[in-house]
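This report concerns only the one structure given below.
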Amino acid sequence: MVAVLFAISVLVFLIFNVIPNSDPAARIAGKNADPELIARVSADLGLDQPLYVQYLTMMKQIFTGQLTSYASSQNVVEQIWKGLPATLSLCIGAAVLWMVLAIWFGYLSAVHAGKFTDRALTILSLVGISVPVFWLAAILLYYLSFKAELFPTSGYVPLSRDPLDWAYHLILPWLTLAVLYVGFYSRVLRSNMLDVMNDDHVRTARAKGISERQVRIKHVLRNSMIPVVTLFGLDFGAVVGGGAILTETVFNLNGVGLYAGQAIGTLDLPPLIGVTMFGAFFIVLFNTLVDVAYAFLDPRIRIGEAAPV
Amino acid sequence: MATPSDAVEAPGDPVLPVGVPAARIRGRSPWYLAWLRLRRNRISLAFGALFLLIVLFCLAAPLWADQVAHTGPNENHITDTVMIDGQQTDVVSPDGTPIGPGLHGRYLLGADQNGRDVMVRLMYGGRTSIYIGVAAAAITTVLAVLVGLLCGYYRGWVDATLSRIMDVVWAFPVLLLGIALGTALALGGLKIGALQIAGDSLWIPIMIIGLVYVPYMARPIRGEILALREKEFMEAAVAQGKGPVRIMVSELLPNVVSTIIVFFTLNIANNMLLESALSFLGAGVRAPNASWGTMIADGYQTIYTAPHLTIVPGLMIVLTVLSLNVFGDGLRDALDPRAKIRLEH
Numbered sequence: 000m001v002a003v004l005f006a007i008s009v010l011v012f013l014i015f016n017v018i019p020n021s022d023p024a025a026r027i028a029g030k031n032a033d034p035e036l037i038a039r040v041s042a043d044l045g046l047d048q049p050l051y052v053q054y055l056t057m058m059k060q061i062f063t064g065q066l067t068s069y070a071s072s073q074n075v076v077e078q079i080w081k082g083l084p085a086t087l088s089l090c091i092g093a094a095v096l097w098m099v100l101a102i103w104f105g106y107l108s109a110v111h112a113g114k115f116t117d118r119a120l121t122i123l124s125l126v127g128i129s130v131p132v133f134w135l136a137a138i139l140l141y142y143l144s145f146k147a148e149l150f151p152t153s154g155y156v157p158l159s160r161d162p163l164d165w166a167y168h169l170i171l172p173w174l175t176l177a178v179l180y181v182g183f184y185s186r187v188l189r190s191n192m193l194d195v196m197n198d199d200h201v202r203t204a205r206a207k208g209i210s211e212r213q214v215r216i217k218h219v220l221r222n223s224m225i226p227v228v229t230l231f232g233l234d235f236g237a238v239v240g241g242g243a244i245l246t247e248t249v250f251n252l253n254g255v256g257l258y259a260g261q262a263i264g265t266l267d268l269p270p271l272i273g274v275t276m277f278g279a280f281f282i283v284l285f286n287t288l289v290d291v292a293y294a295f296l297d298p299r300i301r302i303g304e305a306a307p308v
Numbered sequence: 000m001a002t003p004s005d006a007v008e009a010p011g012d013p014v015l016p017v018g019v020p021a022a023r024i025r026g027r028s029p030w031y032l033a034w035l036r037l038r039r040n041r042i043s044l045a046f047g048a049l050f051l052l053i054v055l056f057c058l059a060a061p062l063w064a065d066q067v068a069h070t071g072p073n074e075n076h077i078t079d080t081v082m083i084d085g086q087q088t089d090v091v092s093p094d095g096t097p098i099g100p101g102l103h104g105r106y107l108l109g110a111d112q113n114g115r116d117v118m119v120r121l122m123y124g125g126r127t128s129i130y131i132g133v134a135a136a137a138i139t140t141v142l143a144v145l146v147g148l149l150c151g152y153y154r155g156w157v158d159a160t161l162s163r164i165m166d167v168v169w170a171f172p173v174l175l176l177g178i179a180l181g182t183a184l185a186l187g188g189l190k191i192g193a194l195q196i197a198g199d200s201l202w203i204p205i206m207i208i209g210l211v212y213v214p215y216m217a218r219p220i221r222g223e224i225l226a227l228r229e230k231e232f233m234e235a236a237v238a239q240g241k242g243p244v245r246i247m248v249s250e251l252l253p254n255v256v257s258t259i260i261v262f263f264t265l266n267i268a269n270n271m272l273l274e275s276a277l278s279f280l281g282a283g284v285r286a287p288n289a290s291w292g293t294m295i296a297d298g299y300q301t302i303y304t305a306p307h308l309t310i311v312p313g314l315m316i317v318l319t320v321l322s323l324n325v326f327g328d329g330l331r332d333a334l335d336p337r338a339k340i341r342l343e344h
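Those protein sequence lines, which keep their order, are chains A and B. Counting from 0, one number per residue, gives the positions in the first sequence under numbering that gives the first Met the number 0. Counting from 0, one number per residue, gives the positions in the second sequence under numbering that gives the first Met the number 0.
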């Protein structure tokens, strides 16, 4: 886990320091800066040091919370911290929505496999994974907020200020972010359920005289959830760690993703490295949590067997 | 009761005709069987055809531009007028609102803020989008197959090293990685030895998109190779004295071709989505090149006055990606009805 985080930090650092073929100090000092100014900026930011020293300084700043942006001299850790409520509101709400809908759709699809419900849901989910997120956001904003005036056009209202307004402002973003994952997860769940339905233990359960509904929920659905939980761990981490950047940008939610998006425009390394580390941390963290969650879903793992995925 | 899966598993397994002497039954290769299954999946075929139509539509761009629209994708017509319902109308009205879609020969889909013909731009933009999607998928496929083969065949430290690298890319949010590379490379282009790519070249997004999806494809291929490696035909190949390269290319590779074909198709779809997202955020295709993603990015600025500029290219993306997804899905069912491969986004 630490090794992966370390590798990622090095990677981001290199992407921004080696590839651009230009001096970051010159970029910061402006287009028409004289060499003296560039040299001073360079010394100020420690950019005249060797790369590994710069890297170590930056890492030290991240962990002591002193990392500041080149462009605005704001504290990066503080900014990420400030964006967290909006991002978490968006991601947790969307995650609840997408898990509930995906399980529901996937279940319906598998139970009615081959019938109309299944066909319709399959097409819907394929449409869901084929729609560009930012375009969907723009279209929803245009038709539902601007034309029909059903929803506010953008912005984030803190939960502590007004819970109702908070949810009202987040309905469209939640929907937008959830659509892709609903389509994707429901298909994964469907195919897993169809596999599990033919397992011996399901036949045994039926033979015991358990109602069909109980069999489907307790024996089929539960055993089909493992891959979905794996995916959820990966995706939720990614979404919190800046993956919601498109949704946040279009709906103008002041979250971590939007912060990263703005930093990209100015090629501001510290915020980007901060957000990326933060995102990678979440991905790695949720991967670990998923392994723990396996144990609840699949008792076999508890006694030391390898995960069957 | 019949299990629901009866209806969906192996939809088109060909049934041997009854009463026909064995000698008259034609030998059926796996590919022929797959084709038989695919042929019965009408929906998949229809969407496959839709994709071909879209490709043809984009290829016809110069034809439309020369013969119908009489303008190129990047030509501005801010001050021009066109006849609509017998009236001379400004292509872009004084308040900056361009004309919308309508049956007026030129400007079939309206104009954008600069008076550029949206239909022409759409066709040329589609070329860019599809080109990037296919080229990036080719890069991903070559790299992923290489990594998958090496990891699966050699195992040991080769596998450990390459797999760790894949893990790092995997743990990196795809979009952030793409954006980071996109912005960094667009500044100064790329210079590695003799290889030089300008910052506004299409090859920048192609390379980025091609790279970020490698682990998603390499992992399943590696898994398959690891399983194949234990099969008896491998022992036979070793006993014949075949070297590692020959074993990988002529023994292992043909066994994963069907997986590769499916992944390639679905990968194009994902690539096109990523391209549009990167372009929308300004880290993908650069001006003057148009792609469907940049068209949405431009159009989104004026979505409230000229929504067609956002809606039309977006619909094209949805249609293209959907057709590839449905067709790829059908391909997977046809090539290996029991397969559990899937493209994780």
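Positions of the beta carbon are idealized from the N, C-alpha and C atoms, including for glycine. Since the model is a prediction, treat every value here as computed from it, not as a measurement.
Worksheet item: Name the DSSP beta bridge partners of Asn-288 of chain B, please?
Response: On the second sequence, residue 288 of chain B is found 289 positions in, with the first residue counted as 1. According to DSSP, which records beta bridges pairwise, Asn-288 of chain B is partnered with nothing at all.
Worksheet item: So, does the CB of Ala-6 of chain A fall closer than 9 Å to a CB anywhere in chain B?
Response: If you number the first sequence from 1, residue 6 of chain A lands on position 7. Yes - at least one Cβ of chain B is within 9 Å of the one on Ala-6 of chain A.
Worksheet item: Between the region 255-288 of chain B and chain A, which residues of the former have CB atoms less than 8 Å from a CB of the latter, in chain order?
Response: Ala-268, Leu-272, Ser-275, Ala-276, Phe-279, Leu-280, Gly-281, Ala-282
Worksheet item: Taking three-plus beta-carbon pairs below 8 Å as touching, is the region 266-273 of chain A in contact with the region 3-16 of chain A?
Response: yes
Worksheet item: Are any of the Cβ atoms in chain B nearer than 9 Å to that of Asn-286 of chain A?
Response: As a working note, residue 286 of chain A is residue 287 in the first sequence. It does; some Cβ of chain B falls within 9 Å.
Worksheet entry | Helix, strand or coil at Val-156 of chain A according to DSSP, with G and I counted as helix | The residue you call residue 156 of chain A lines up with position 157 of the first sequence. If DSSP states are grouped into helix, strand and coil, Val-156 of chain A belongs with coil.
Item to complete: Indicate whether Glu-274 of chain B and Pro-172 of chain B have their beta-carbon atoms separated by less than 9 Å.
Response: On the second sequence, position 275 is the one that residue 274 of chain B refers to. On the second sequence, position 173 is the one that residue 172 of chain B refers to. No.
Worksheet item: Any idea if Ser-129 of chain A is buried or exposed, counting beta-carbon neighbours within 10 angstroms, 16 or more meaning buried?
Response: Position 130 of the first sequence, counting from 1, holds the residue named residue 129 of chain A. So Ser-129 of chain A ends up on the buried side.
Worksheet item: Do you know how far the Cα of Val-91 of chain B is from the Cα of Thr-248 of chain A?
Response: In the first sequence, residue 248 of chain A corresponds to position 249, counting from 1. In the second sequence, residue 91 of chain B corresponds to position 92, counting from 1. Each residue's alpha carbon lies about 28 Å from the other.
Practice prompt. May I ask you to list the residues that DSSP assigns as paired with Val-81 of chain B?
Written response: Looking up residue 81 of chain B in the second sequence gives position 82. In DSSP, Val-81 of chain B forms a bridge with B:Thr-88.
Worksheet entry | Under 7 Å by beta carbon: chain B residues contacting Pro-131 of chain A | The residue given as residue 131 of chain A occupies position 132 in the first sequence. Residues of chain B passing the Cβ test: Leu-272, Ser-275, Ala-276, Gly-313, Ile-316.
Item to complete: Note the first and the last residue of the continuous alpha helix (DSSP H) segment covering Phe-326 of chain B.
Response: Sequence index remark: in the second sequence, residue 326 of chain B carries index 327 (1-based). 307-334 is the extent of the alpha helix (DSSP H) around Phe-326 of chain B.
Discussion item. Just to confirm, is the Cβ distance from Met-118 of chain B to Tyr-106 of chain B under 9 Å?
Written reply: Taking the first residue of the second sequence as position 1, residue 118 of chain B is located at position 119. Taking the first residue of the second sequence as position 1, residue 106 of chain B is located at position 107. For Met-118 of chain B and Tyr-106 of chain B, yes; Cβs fall inside 9 Å.
Discussion item. Judging by CA-CA distance, which residue of B:Arg-218, B:Arg-41, B:Met-271, B:His-69 is the nearest neighbour of Val-255 of chain B?
Written reply: By 1-based counting over the second sequence, the position of residue 255 of chain B is 256. Residue B:Arg-218 is the option with its Cα nearest to Val-255 of chain B.
Worksheet item: How would you label Arg-41 of chain B, buried or exposed, when you count the other beta carbons within 10 angstroms and need 16 or more for buried?
Response: For the purposes of this step, residue 41 of chain B is taken as residue 42 along the second sequence, with counting starting at 1. So Arg-41 of chain B counts as exposed.
Discussion item. Within a Cβ cutoff of 8 Å, which residues of the same chain sit near Ala-292 of chain A, ignoring the five residues on either side of it in sequence?
Written reply: Within the first sequence, numbered from 1, the residue matching residue 292 of chain A stands at position 293. For Ala-292 of chain A, where only same-chain residues beyond five positions count, the Cβ hits under 8 Å are Val-228, Gly-232.
Worksheet entry | For Asn-74 of chain A, the residue or residues it bridges with in DSSP | Reading the first sequence from its first residue, position 75 is the one you call residue 74 of chain A. DSSP lists A:Thr-67 as partners of Asn-74 of chain A.
Discussion item. Please list, in chain order, the chain A residues whose beta carbon lies closer than 9 Å to that of Tyr-299 of chain B.
Written reply: Taking the second sequence and counting its residues from 1, the one referred to as residue 299 of chain B is at position 300. Those within 9 Å of Tyr-299 of chain B in chain A are Phe-133, Trp-134, Ala-137, Val-249.
Practice prompt. Closer than 7 Å by beta-carbon distance: list the chain A residues that pair up with Ile-302 of chain B, in chain order.
Written response: One-based indexing of the second sequence puts residue 302 of chain B at position 303. Going along chain A in sequence order, the residues near Ile-302 of chain B (Cβ under 7 Å) are Ala-137, Tyr-141.
Practice prompt. Enumerate in chain order the residues of its own chain whose CB-to-CB distance from Thr-67 of chain A is below 7 Å, with the five nearest sequence positions on each side excluded.
Written response: What you label residue 67 of chain A is simply residue 68 of the first sequence in a count that begins at 1. Cβ within range, chain order: Gln-73, Asn-74, Val-75, Pro-269.
Worksheet item: Given 8 Å as the limit, is there contact between the region 315-334 of chain B and the region 152-171 of chain A, that is, 3 or more CB pairs closer than that?
Response: no
Worksheet item: Excluding sequence positions up to five away, which residues of its chain have a Cβ less than 7 Å from the Cβ of Pro-151 of chain A?
Response: Numbered from 1 along the first sequence, position 152 holds the residue referred to as residue 151 of chain A. Counting only Cβ-Cβ distances below 7 Å, and skipping sequence neighbours, we find Ser-144, Tyr-167, His-168.
Practice prompt. Can you grab the Cα-Cα spacing for the pair Ile-310 of chain B / Met-165 of chain B, in whole Å?
Written response: In the second sequence, counting from the first residue as 1, residue 310 of chain B sits at position 311. In the second sequence, counting from the first residue as 1, residue 165 of chain B sits at position 166. Looking at the two C-alpha atoms, the distance is approximately 37 Å.
Worksheet item: So, does the CB of Asn-324 of chain B fall closer than 9 Å to a CB anywhere in chain A?
Response: Numbered from 1 along the second sequence, position 325 holds the residue referred to as residue 324 of chain B. At least one chain A Cβ lies under 9 Å of Asn-324 of chain B.
Worksheet item: Is it the case that the CB of Pro-97 of chain B approaches a heavy atom of the ligand ZN more closely than 8 Å?
Response: This structure simply doesn't include the ligand ZN, nor any ligand for that matter.
Worksheet item: Among B:Thr-258, B:Asn-73, B:Leu-308, which residue has its Cα nearest to the Cα of Gly-292 of chain B?
Response: Counting from 1 along the second sequence, the entry for residue 292 of chain B is found at position 293. Checked all of B:Thr-258, B:Asn-73, B:Leu-308; the closest Cα to Gly-292 of chain B is B:Leu-308.
Worksheet item: Which whole runs of the alpha helix (DSSP H) in the region 191-277 of chain A are 4 residues long or more, in chain order?
Response: 199-206, 221-237, 244-250, 255-264
Worksheet item: Between which two residues does the alpha helix (DSSP H) containing Glu-274 of chain B stretch?
Response: For the purposes of this step, residue 274 of chain B is identified with residue 275 of the second sequence, where counting begins at 1. Here the alpha helix (DSSP H) through Glu-274 of chain B covers 252-279.
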